[in-house]
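Worksheet: the structure to be examined is printed underneath.
There are 2 protein chains.
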Amino acid sequence: MVDLKRQSELREAIELLYFAYRAFTARADHILEHHGLGRAHHRILYFVGRHPDMAIHTLLDTLKISKQALNAPLRRLVAEGLVSVETATHDHRTKLLRLTKTGHALESQLTTSQTEQLAEVFSKVGRDAEKDWRQVMARLADSTKTL
Amino acid sequence: MVDLKRQSELREAIELLYFAYRAFTARADHILEHHGLGRAHHRILYFVGRHPDMAIHTLLDTLKISKQALNAPLRRLVAEGLVSVETATHDHRTKLLRLTKTGHALESQLTTSQTEQLAEVFSKVGRDAEKDWRQVMARLADSTKTL
DNA sequence: GTAAATAGGTCAATAATGTTGACATATAAA
DNA sequence: TTTATATGTCAACATTATTGACCTATTTAC
Numbered sequence: 594m595v596d597l598k599r600q601s602e603l604r605e606a607i608e609l610l611y612f613a614y615r616a617f618t619a620r621a622d623h624i625l626e627h628h629g630l631g632r633a634h635h636r637i638l639y640f641v642g643r644h645p646d647m648a649i650h651t652l653l654d655t656l657k658i659s660k661q662a663l664n665a666p667l668r669r670l671v672a673e674g675l676v677s678v679e680t681a682t683h684d685h686r687t688k689l690l691r692l693t694k695t696g697h698a699l700e701s702q703l704t705t706s707q708t709e710q711l712a713e714v715f716s717k718v719g720r721d722a723e724k725d726w727r728q729v730m731a732r733l734a735d736s737t738k739t740l
Numbered sequence: 594m595v596d597l598k599r600q601s602e603l604r605e606a607i608e609l610l611y612f613a614y615r616a617f618t619a620r621a622d623h624i625l626e627h628h629g630l631g632r633a634h635h636r637i638l639y640f641v642g643r644h645p646d647m648a649i650h651t652l653l654d655t656l657k658i659s660k661q662a663l664n665a666p667l668r669r670l671v672a673e674g675l676v677s678v679e680t681a682t683h684d685h686r687t688k689l690l691r692l693t694k695t696g697h698a699l700e701s702q703l704t705t706s707q708t709e710q711l712a713e714v715f716s717k718v719g720r721d722a723e724k725d726w727r728q729v730m731a732r733l734a735d736s737t738k739t740l
């Protein structure tokens, strides 16, 4: 009886993850649509924005996708002038990625829409609940390694 | 200065969602691979398992995809004997979906792998943190409607 | 100095997942 | 009887991903 209740709670947690994540990505997806871009482009913009002068292999390690999968969306972002590529001075094999002014503008719009959404939720639940949420999410993110 | 720090924290929260969700789906994806199935099949199995005798339009409303997108994966699950379809007695237009014994076995395996992952995290952070996590996720899931 | 490792680019074939449009049937409700 | 609902399916297309193959540079190791 007790165990059944717990199982139901854990199932609810599964659904919370599914629906929360969907709600979280919806706004950015909507903005991206206006630019004819997808989530792949968003992830590139986000991580390059977060870590300027990121090398391509670092981006691949972060996203955990093949270089072939990265190729098309990155090439497009470069072609459209949202991302700039520069050869590293220390190692002429590696190329460093940066957001251009236009790229930064879009990244900022996307990130702001998501941070605002999160800030609104956090402001309602308070700082302690936010901390607890972060703790759970961090452990969950880490649980890949325990696989 | 204060605002900059907060912005950094909110960006961290974005990443927590991304990495936690990825870690969360990884195990199920791994199991599904052995059966040659994908996430689309998983979602069908999950929700039909959660709500036996679910009508197809209810499933479509839940997943928020087109009937054409549902068609192929559902047809396959039925063909492989994981999901059964039955015409409703009260309305002969609607069809009710159920997991077969085999379907239930797979769904159970998938759900158990995820509930165990969540239970492990929850056990480490304690019940209060779990409650806070649920509160944040529920509000985040709700924030679709505020769009 | 040559071989091997690293960083990156690109083509092809294939797959999963999604979309919109079009058109079909069967049943229920107005 | 008309209309709305529930479902099914075909086609064309887009996005995101995979593996395999093959290519050029550049750096590092022996």
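In order, the protein sequence lines correspond to chains A and B. Under this note's numbering, the first residue of the first sequence carries the number 594, and numbering increases by one thereafter. Under this note's numbering, the first residue of the second sequence carries the number 594, and numbering increases by one thereafter. Glycine included, each C-beta is placed from N, C-alpha and C at the ideal position. A quick note: this is a predicted structure, and the numbers were derived from the prediction, not measured.
- B:Gln661 is classed as exposed because its beta carbon has fewer than 16 other beta carbons within 10 Å across all chains shown.
- When beta bridges are read from the DSSP output, B:Ser677 appears opposite B:Arg691.
- The region 710 to 728 of chain A makes no contact with the region 679 to 699 of chain A; the number of CB pairs closer than 8 Å stays below 3.
- A straight-line Cα-Cα distance of about 23 Å links A:Arg691 and B:Arg599.
- Take the alpha-carbon of A:Ser601 and the one of B:Ser716: they are about 16 Å apart.
- For A:Gln702, no chain B residue has a C-beta closer than 9 Å to its own C-beta; the minimum C-beta separation is roughly 14 Å.
- Neighbours of B:Leu733 in chain A, taken as residues at a C-beta separation under 7 Å, are given in chain order as Ala613, Ala616, Phe617 and Val714.
- Considering only beta carbons, no part of the region 655 to 677 of chain B lies closer than 7 Å to chain A.
- Following the DSSP letters along the chain, one finds A:Asp725 inside the alpha helix (DSSP H) bounded by residues Arg720 to Asp735.
- B:Ala648 is outside the set of residues whose beta carbon lies under 8 Å from a beta carbon in chain A.
- Neighbourhood of B:Asp721 in chain A, by CB distance below 8 Å: Asp725, in chain order.
- Within chain B, not a single residue places a beta-carbon under 9 Å from that of A:Met594; the smallest gap is close to 17 Å.
- By the criterion of at least three beta-carbon pairs nearer than 8 Å, the region 628 to 644 of chain A is in contact with the region 664 to 680 of chain A.
- The continuous alpha helix (DSSP H) containing B:Leu656 extends over residues Ile649 to Leu656.
- A Cβ-Cβ distance of about 10 Å is found for the pair A:Leu663 and A:Leu670, leaving them out of contact under the 8 Å criterion.
- DSSP places A:His635 within a helical segment (H, G or I) once states are collapsed to three.
- When only Cα atoms are considered, B:His644 and B:Gly629 end up about 24 Å apart.
- Secondary structure note for B:Pro645: it is in no alpha helix (DSSP H), with a DSSP letter that is neither H nor E.
- Under the Cβ criterion of 8 Å, A:Ser736 is counted among the residues facing chain B.
- Counting along the chain, the unbroken alpha helix (DSSP H) around A:Arg620 starts and ends at Val595 to His627.
- The three-state secondary structure of B:Leu630, taken from DSSP, is coil.
- Pairing A:Leu597 with A:Met647 gives a Cβ-Cβ distance that is not under 8 Å.
- In the three-state scheme derived from DSSP, where H, G and I count as helix and E and B as strand, A:Ser659 is classed as coil.
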